[in-house]
Amino acid sequence: MNSARGLGCDVSRISVSSVLRGNQDKVTELLWAIVNKGEISYINAARMPFLNALLRQGETMEELLSLSSNQLLLRWFNYQLQQAGVGKRVNNLSSDVFDSEGYIYLINHLSNGKLNDLSALQNSDISARAQTVVNNSMSILPGQFITANGIASGHEALNTFFVSQLFRHYPNMGNMQQGNNMPVITNSTPEREKRAFLNWMNSLGIEPQVTSLGKNTLSDGLVLLQLLDKVQPGIVNWSKVHRNNPSKFQQVEHCNYGLELCGQLRISLVNISGAELQSGSEKLSLAVIWQVMRYHVLHFAGRQSLSEESIVKWANEKVSSTGRTLSILDFKDKSISTSHFIIDLLTACRPGSIDYTKITMGKSIDQKLQNASYAISCARKLGCPSVFLLPEDIVEVNPNLIMTFFASIMSVYGPKN
């Protein structure tokens, strides 16, 4: 559960006990959250430069990058229908696909003449049509990824998964090398930070899921207000909010309202106006998101006065209480890179939980990465709920993300008062 949360899956409505009891609905919800993250959320224009073929006339690259994975799948679906020369279009992956018409055209087109059979369109039996789609899909996909009932019932999650598999195996976007002017995902520190912020946001249940962080992430104010309502439930008066296609003026109102609420929570945001946030700035958006995330991790379990210094003090005292001698000065302490102190802290929290034969000396980068991976895995197993950093963040000693890691450990094993 904690690993899924760390990947950015929303598991807020799923309890460990419900999974242990084998509650079918909850187990299915958990599996779908993981599948959605691994098989669908990876679809975004930043990772796949060839998707710039989906740009509409007058649309900017920034607007394409801001589309969710589901929106991109729909646009890809319709792009393929257009390339096939048919007038059919789909606006969703539920009620618009239950009659199988779009699928019949799509699979026929993707098969590149291998099937060349549209006769199923003459069959008025919806279930029979759906079964034809299933049978035809299995001739081009490595297995069965949906049932006839899943199509005919308009089950959105199943259909989304099915379309993602068609996209994965047959993107069919012409020259797959085109679009070199689009950004490429790297493993640099800024990109890892953005991924950590993204996973934290989505783990809270932001709707729709945020697929990338850019200058327009907070521009309409709705994502910011959702974040604030998640970290401090009930703080947002939603009757003040225009949720459906807010105008520019309303977006500025939302941003001002969000900043006002940040002030109530004493979240430090100096000299930022709603108009600036609405106008779009990646640097500004990331700064606001980080401050809200920082507030969240420092105010777990109702604590109102927790500071970074108090977390360091608690960690040092916890390790010292076991007779071990390692300590850290702050979250910039370079000794953290070996993960030895983190491992000792986890041992202090749960004696006997660490297999020290798996710990290396931490002299090389590879050894440090091995230790860091093990420390993250152990923390999740020990119940730490908000572990969003990567092993590289520990090795490079990223103070912001390391602070969130220690705060997550303290939220479980620290003093309760």
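For the sequence shown, my numbering gives the first residue as 961, with consecutive numbering after it.
Glycine included, C-beta positions come from ideal geometry on N, C-alpha and C.
In this text the structure is predicted, and so the values were computed from the model without any measurement.
Checklist entry - Among 1184, 1173 and 1208, which has the Cα closest to the Cα of residue 1220? => result Among 1184, 1173 and 1208, the Cα nearest to that of residue 1220 is on 1184.
Next on the checklist: Rounded to the nearest angstrom, what separates residue 1175 and residue 1246 at their Cα positions?
Outcome noted: 9 Å
Next on the checklist: Since residue 1015 and residue 1024 should fall inside the 8 Å C-beta cutoff, what is the C-beta to C-beta distance between them, to a whole number of angstroms?
Outcome noted: So it is a contact: roughly 6 Å between Cβ atoms.
Checklist entry - With a CB to CB cut of under 6 Å and the five nearest residues on each side skipped, what residues in its chain are close to residue 1310? => result Within the same chain, Cβ atoms closer than 6 Å to the Cβ of residue 1310 are found at 1342, the five residues on either side in sequence being excluded.
Next on the checklist: Considering just the uninterrupted stretch of the alpha helix (DSSP H) at residue 1291, what are its terminal residues?
Outcome noted: Segment: none, residue 1291 is in no alpha helix (DSSP H) and carries neither H nor E.
Checklist entry - Hey, quick one: how far does the alpha helix (DSSP H) through residue 965 stretch, first residue to last? => result 962 to 966
Item to check | N-terminal and C-terminal residue of the alpha helix (DSSP H) that residue 1128 is part of | outcome: 1116 to 1129
Checklist entry - Three-state secondary structure (DSSP) at residue 1035? => result helix
Item to check | Rounded distance between the beta-carbons of residue 1179 and residue 1240, thought under 8 Å | outcome: 5 Å
Next on the checklist: In chain order, what are the residue ranges of uninterrupted alpha helix (DSSP H) at least 4 long that sit wholly in the stretch 1269 to 1322?
Outcome noted: 1300 to 1309
Checklist entry - Helix, strand or coil: how does DSSP classify residue 1366 here? => result helix
Item to check | Collapsed DSSP secondary structure at residue 1005 in the structure displayed | outcome: Residue 1005 falls in the coil class under three-state DSSP.
Next on the checklist: Here's a check: name, in chain order, each residue in its chain whose Cβ is nearer than 7 Å to the Cβ of residue 1107, leaving out the five neighbours to either side.
Outcome noted: 1094
Checklist entry - Apart from the five residues on each side of it in sequence, which residues of its chain come closer than 8 Å, Cβ to Cβ, to residue 1296? => result 1288, 1302, 1354, 1357 and 1362
Item to check | Anticipated Cβ contact below 8 Å, residue 903 with residue 1165, distance rounded | outcome: Residue coverage of the chain in this structure runs from 961 to 1377, which leaves residue 903 outside it and unanswerable.
Checklist entry - In chain order, which alpha helix (DSSP H) runs of at least 4 residues are fully inside the stretch 1187 to 1265? => result 1208 to 1224, 1234 to 1239 and 1242 to 1258
Item to check | DSSP three-state assignment for residue 1020, whether helix, strand or coil | outcome: In the structure shown, residue 1020 sits in coil (DSSP, three-state: anything other than H, G, I, E or B).
Checklist entry - Between residue 1260 and residue 1367, is the Cβ-Cβ spacing less than 8 Å? => result yes
Item to check | Local conformation of residue 973 per DSSP, three classes | outcome: coil
Checklist entry - Which two residues bound the contiguous alpha helix (DSSP H) that contains residue 1000? => result Where residue 1000 is concerned, there is no enclosing alpha helix (DSSP H), given that its DSSP letter is neither H nor E.
Checklist entry - Any idea what DSSP makes of residue 1338, helix, strand or coil? => result helix
Item to check | Cβ-Cβ distance between residue 1313 and residue 1305 below 8 Å | outcome: no
Item to check | Contact between the stretch 1046 to 1063 and the stretch 1116 to 1125 (3+ Cβ pairs under 8 Å) | outcome: yes
Item to check | Proximal residues to residue 1294 (C-beta, below 8 Å), its chain only, five neighbours per side dropped | outcome: 1357
Checklist entry - For residue 1110, which residues from the same chain have a beta carbon less than 6 Å from its beta carbon, with the 5 sequence-adjacent residues on both sides left out? => result 1118
Checklist entry - From 1216, 1242, 1252 and 1226, pick the residue whose C-alpha is nearest to that of residue 1232; which is it? => result 1216
Checklist entry - Relative to the alpha-carbon of residue 1044, which residue among 1128, 1089, 1068 and 1195 has its alpha-carbon at the smallest distance? => result 1068
Checklist entry - Do the CB positions of residue 1349 and residue 1364 come within less than 8 Å of each other? => result Yes, these two residues count as a Cβ contact at 8 Å.
Next on the checklist: Let me confirm a value: residue 1027 is counted as buried when at least 16 other C-beta atoms fall within 10 Å, else exposed. Which label applies?
Outcome noted: buried
Item to check | Classification of residue 1153 by the beta-carbon crowding that lies within 10 angstroms, buried from 16 upward | outcome: In summary, residue 1153 is buried, with 16 or more beta-carbon neighbours lying within 10 Å of its beta-carbon over all protein chains present.
Item to check | Buried or exposed by the 16-neighbour rule on C-beta atoms within 10 Å, applied to residue 1317 | outcome: The Cβ neighbour count for residue 1317, taken over all protein chains shown within 10 Å, is under 16; the residue is labelled exposed.
Next on the checklist: Please list the terminal residues of the continuous alpha helix (DSSP H) segment that includes residue 1086.
Outcome noted: 1086 to 1097
Checklist entry - Are the CB atoms of residue 1171 and residue 1004 nearer to each other than 8 Å? => result yes
Checklist entry - In angstroms, rounded to a whole number, what distance separates the CA positions of residue 1075 and residue 1188? => result 51 Å
Checklist entry - So residue 1037 and residue 1114 are in contact, right, with Cβ under 8 Å, and what is the actual spacing, rounded? => result Rounded, the Cβ-Cβ distance is 15 Å, inconsistent with contact.
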